[in-house]
Amino acid sequence: MKKSKVILLGLTITFAACRQEPKDEWVSGYDDPQSRDTTVNGHQYRYYHGFFYPIYGGFISPRSYQGATVQQIANPRYQPARVTRGGFGRTSAGRTSGS
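This is how it looks when you write it as structure tokens:
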């Protein structure tokens, strides 16, 4: 392997190791004046900035969970979807459709 390829590979590995993913941010959600809690199908949710988020230990994490509508959480098969962060932005995984 040429010296320039070794340097490039080393820089790439170093950059990847130093890059930090955004951490989950758990908030109370009460900074939204329209915030309210509800229990649907035995699961607790907090309404926050137009969407419902699952409540864990009294907190919600909009950076970790995709927001849901009232129609989605009313579906007994609904499961909160975690937000995954890839190289091309945010996507959601694990959501059961509302239909």
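Heads up: the sequence shown begins at 1365 in my numbering, then just goes up one per residue. Cβ atoms here follow ideal geometry from the backbone N, Cα and C, with glycine treated the same way. This structure is a prediction, so every number in the text was calculated from the model and none was measured.
| Asked | Found |
| --- | --- |
| Select from Ile1424, Asn1439, Arg1446 the residue whose C-alpha is nearest the C-alpha of Arg1400. | Ile1424 |
| Under the three-state reduction of DSSP, which class applies to Ala1432: helix, strand or coil? | strand |
| List the DSSP bridge partners of His1407. | Val1404 |
| Given that a residue counts as buried once 16 or more other Cβ atoms are within 10 Å of its Cβ, and exposed if not, what is Ala1438? | exposed |
| Based on the DSSP secondary-structure assignment, which residues constitute the bridge partners of Tyr1412? | Phe1415 |
| When the Cα of Asp1388 is compared with those of Phe1416, Ser1428, Ala1432, which residue comes out closest? | Ser1428 |
| Can you list, in chain order, the residues of its chain whose CB lies under 7 Å from that of Val1404, leaving out five sequence neighbours each side? | Ile1437, Ala1438 |
| How big is the Cα-Cα spacing for Arg1441 and Gly1431? | 16 Å |
| Taking just the CA atoms, how far does Ile1419 sit from Gln1443? | 13 Å |
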